[in-house]
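Respectively, the protein sequence lines represent chains W and C. For the first sequence, this note's numbering assigns the number 1 to the initial residue and increments by one for each residue that follows. For the second sequence, this note's numbering assigns the number 1001 to the initial residue and increments by one for each residue that follows.
Protein chains: 2
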Amino acid sequence: MSEETRQILDMNAFRPGVTQADPAVARRLRNLGAASVLFYREPIEMVAARGAWMEAKDGRRYLDCYNNVPSVGHSHPQVVAAVCDQIGRLNTNTRYVVEVVDTYIDALKAKLPESLENVVLTCSGSEANDLALRVARAATRARGVIVTETAYHGNTELTTQVSPSAWKRGGKPDWVECIPAPTPKTARNFGESVARAMAALQARGHRVAALLADSIFSSDGVYADPQGFLDAGVEAVRLAGGLFIADEVQPGFARTGSAFWGFARHGVVPDMVTMGKPMGNGFPMAGLAARPEHLAMFCRDVGYFNTFGGNPVAAAAGLAVLRVIADEGLEENAAWAGGRLKSGLGRLAKETGCLGEIRGAGLFLGVDIRKAESGRPDPDRTSGIINGLRDEGVLIGAAGKHGATLKIRPPLCLSAEEVDHFLGAFERVVAG
Amino acid sequence: MSEETRQILDMNAFRPGVTQADPAVARRLRNLGAASVLFYREPIEMVAARGAWMEAKDGRRYLDCYNNVPSVGHSHPQVVAAVCDQIGRLNTNTRYVVEVVDTYIDALKAKLPESLENVVLTCSGSEANDLALRVARAATRARGVIVTETAYHGNTELTTQVSPSAWKRGGKPDWVECIPAPTPKTARNFGESVARAMAALQARGHRVAALLADSIFSSDGVYADPQGFLDAGVEAVRLAGGLFIADEVQPGFARTGSAFWGFARHGVVPDMVTMGKPMGNGFPMAGLAARPEHLAMFCRDVGYFNTFGGNPVAAAAGLAVLRVIADEGLEENAAWAGGRLKSGLGRLAKETGCLGEIRGAGLFLGVDIRKAESGRPDPDRTSGIINGLRDEGVLIGAAGKHGATLKIRPPLCLSAEEVDHFLGAFERVVAG
């Protein structure tokens, strides 16, 4: 990714030096230094959150349509109760047997393809993807990895190497090949795209170990359709002896409304599934589901133990999340509220020249912002809309190669009133 | 590390196939597969824990002298209260300003050398070390790393490459050089040892980026003395343009009794400090403290953001841990209780031929187990003592190149009665 594109993607991020008047922001900059990444030209200090709403220190309330970690709703009472109950009784590691840990893994496996019999719990999606890539390499005795051109898969050294959206200078290792994001126009060529990438790897002496893909292509700009396009790419990789790793950190846990996992919308059964963000509704936890024979091949070479991974408090949080999704019908609500949101945006697009393609599934939508005259991507207007929505009390973000796609990702509990609140604010901002 | 040594180190771990009669153990094996690492020939199912004690499903209570994660005591009420209060109000990420996060970082920085002005919060020590190595490489534009021969620094690809204790087959990259553990006999040659390692790296075309060391050398077998021996190695690395990364995941947070950090016992100021396990008393959190200019050099090349790292619940847990350590005088107690434990073990060593060197600081002790006749390391007897103590209701582990060092690491709140309880059980087991 070029420095220019990176700046565009960072456009709604705070740039040090611009606003240091706020002592809380100045303190944050002193503490995190160059690793500080605050949202918005004027960062927001948050003090509380509940359901779909966050509350700032100045008393303003914001409808959170961006953060997919508190996916069943901020501060959900059932998740909070589960964490508080367990943390007061026992918090230890997987070197002892603790019932709730296996109860959770059993519940998680009941949602996964039968072939993925083993689950390794980790702390972050980065750790899960880092492990998945090494398991794939051990299982295939190959090294090459295929990802999309603006993908993000984590922050460790290995996962950064397969995350083009994190590269500021250089960055692409020899064993990585990037394919274009599957747009509605090109998605049907996904299999050919993967085949070309394998040929390019082969030309550099690398057999393919894995195709690693987020099945909603979040940081590429949200590409969900047509359902089934993934299949040809997965088949191509398997024919060459490689594995398909479904990175479900973004689309997993009922987000897409039409299935519990993003890959299920495409009718494929992955060789490994990684998961993270919404898994514990904010309690730090993530994981990898794999076939026993693949995991065993990795464990012959290297030991793996994760101190915090699979602790009983995380398991209790994860179990509560699964129960809330079922009890509150959140998969169905994601479909329903997502549908209402998408058709509302569709109506506005007919009246407003700057709105291009509206994509996505369930409560994960991408809206291209374009120049009305030329139809070309308009990152400045995208930034203007995001900041305008912030002034209206609505939080969203941006994605895509050009940084010109609005990323809309509210909690799965979004109500009809909240959908309409979003649409009202959105209409005022795009008309303004 | 050879497969033989690895098996010795795993000696108190459960081997699949040995005891599958217990349905809870069989279920765990089905769930975690080859990644399952359970303690003891007959694994323990835990149901509760408080202070220094854990309780199993069969009603037996165990004095936990092994797990240094719940370092201020299992289920500590102040940490539990802090987590429950914060998780019910707000749990979000560092893209917003949240007061408790900066209050925590300020409190942590008050315990650290002044030069380490920036703190990046992560989920695990593995993530912290993975980032630290990359920051060191960016800051030095060099690649080589020096670690001790049985070191453990994490479970990501990059940190596994610098963790000889995790290598089952092959594993040592070209850019890694291992130095012997600093035994009481060899510690004074630590500087020469590091210089030789740098020459070996140079011969393979690598300048040194970092010396990465756990200043209590936990997995090497616990080597704490003489205080100050680290200094010569640190100086040698700096003269060659490299950095010293202090991995405080094991000795940090008052464990050694004589200082808040392990490196402080040696009078050195590290270029980076990584921390983890005891930081949140079990709440998943870890971090890296670095000089602003080093972090900035890394952030010019690659972006870094950690979704769960620095969440307000972790910050609240971490702040409670710092307060409990201060309020309950746990650094002083680690010194006092550790002293009582060490002298008790010393008395027993005079009466028992199998006890060799007793090393360590505060509540982190290593005891070599040797054959009475030859004085050689005795891994079988070590395993026998660990399993014998389990039968006495006391949990400890093993470490060291030969797997013949008892690793004793109780919570910092250990009382006089608990020290004596340990010593009584220990005496019965070594006499038996």
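Here a beta-carbon is modelled for each residue, glycine too, at the ideal position from N, C-alpha and C.
query, result
"By DSSP, does Lys109(W) sit in helix, in strand, or in coil?", "helix"
"Any beta-carbon of chain W closer than 8 Å to the one on Ser1075(C)?", "yes"
"Which value, in whole angstroms, describes the spacing of the CA atoms of Val1268(C) and Ala1236(C)?", "13 Å"
"Who are Ile369(W)'s beta bridge partners in DSSP?", "Leu355(W)"
"Run down chain W in chain order and give the residues with a C-beta less than 8 Å from the C-beta of Pro1292(C).", "Gly33 and Ala34"
"At the level of alpha carbons, what is the spacing between His421(W) and Ser374(W)?", "31 Å"
"Starting from the beta carbon of Met1198(C), find every residue of chain W whose beta carbon is closer than 9 Å, and list them in chain order.", "Within 9 Å Cβ-Cβ: nothing; Met1198(C) doesn't reach chain W, min ~22 Å."
"Where Met1405(C) and Ala232(W) are concerned, what is the direct C-alpha to C-alpha distance, given to the nearest angstrom?", "The amino acid occupying residue 1405(C) in the given sequence is Thr; Met does not appear at that position. Each residue's alpha carbon lies about 55 Å from the other."
"Can you list, in chain order, the residues of its chain with a C-beta nearer than 6 Å to that of Ala315(W)? Leave out the 5 residues immediately preceding and following it.", "Val100, Val101 and Tyr104"
"Could you confirm whether any beta carbon from chain C is found closer than 8 Å to the beta carbon of Trp175(W)?", "no"
"Name the chain C residues whose beta carbon is nearer than 7 Å to that of Cys299(W)?", "Ala1034 and Ala1035"
"Does any residue of chain W have a CB that is nearer than 8 Å to the CB of Ile1044(C)?", "yes"
"Can you check DSSP and say which residues form a bridge with Tyr1062(C)?", "Met1054(C)"
"Considering only residues of the same chain and omitting the five flanking positions on each side of Ala1213(C), which have a CB-CB separation below 6 Å?", "none"
"DSSP on Asp271(W), reduced to helix/strand/coil?", "coil"
"Using a C-beta to C-beta distance shorter than 8 Å, which residues of chain C count as neighbours of Ala49(W)?", "Arg1089, Leu1090, Asn1091 and Thr1092"
"From the DSSP output, which residues share a beta bridge with Asp1247(C)?", "Thr1274(C)"
"What did DSSP end up calling Ile1386(C) once you bin it into helix, strand or coil?", "helix"
"Is it the case that the segment 1275–1291 of chain C contacts the segment 1053–1065 of chain C, given that we only count it when at least three CB pairs across the two stretches are under 8 Å?", "no"
"What residue does the alpha helix (DSSP H) around Asn1031(C) start on, and which one ends it?", "Pro1023 to Leu1032"
"CA-CA distance, Ala1139(C) and Lys1168(C)?", "31 Å"
"Please check the pair Ile386(W) and Ala398(W), which I expect to be a contact at CB under 8 Å, by giving their CB distance rounded to whole angstroms.", "6 Å"
"Going by the beta-carbon positions, is the gap between Gly1282(C) and Val1069(C) smaller than 8 Å?", "yes"
"Flag this pair as touching only if the segment 185–205 of chain W and the segment 410–421 of chain W have three or more C-beta atom pairs under 8 Å; answer yes or no.", "no"
"Beta-carbon of Ile105(W) versus every beta-carbon of chain C: anything under 8 Å?", "yes"
"Relative to the alpha-carbon of Val1430(C), which residue among Ser1383(C), Ala1246(C) and Gly1088(C) has its alpha-carbon at the smallest distance?", "Ser1383(C)"
"Taking Ala1317(C) and Val1083(C) to be in contact with their CB atoms under 8 Å, please state how far apart those CB atoms are, rounded to whole angstroms.", "5 Å"
"Using a Cβ-Cβ distance under 8 Å, would Pro164(W) count as near chain C?", "no"
"Along the chain, where does the alpha helix (DSSP H) that runs through Gly318(W) open and close?", "Pro312 to Asp327"
"From Met297(W) to Val1234(C), what distance separates their C-alpha atoms?", "38 Å"
"Go ahead and pull the three-state DSSP assignment for Phe1422(C).", "helix"
"Could you have a look at Cys1178(C) and say whether DSSP puts it in helix, strand or coil?", "strand"
"With DSSP as the reference, label Ala210(W) as helix, strand or coil.", "strand"
"Quick one: what's got a C-beta closer than 8 Å to Trp175(W)'s C-beta in the same chain, skipping five residues either side?", "Arg143, Gly144, Val145, Leu201, Arg204 and His206"
"Anything in chain W within Cβ reach of Asp1130(C), meaning under 9 Å, just list it in chain order.", "Ser126, Asp130, Asn155, Thr156, Glu157 and Leu158"
"Take Glu3(W) and list the residues in its own chain whose beta-carbon comes closer than 8 Å to its own, dropping the five residues that flank it on each side.", "Low confidence applies here, because Glu3(W) scores a pLDDT of 48, under 50, leaving its location unreliable and the question unanswered by this model."
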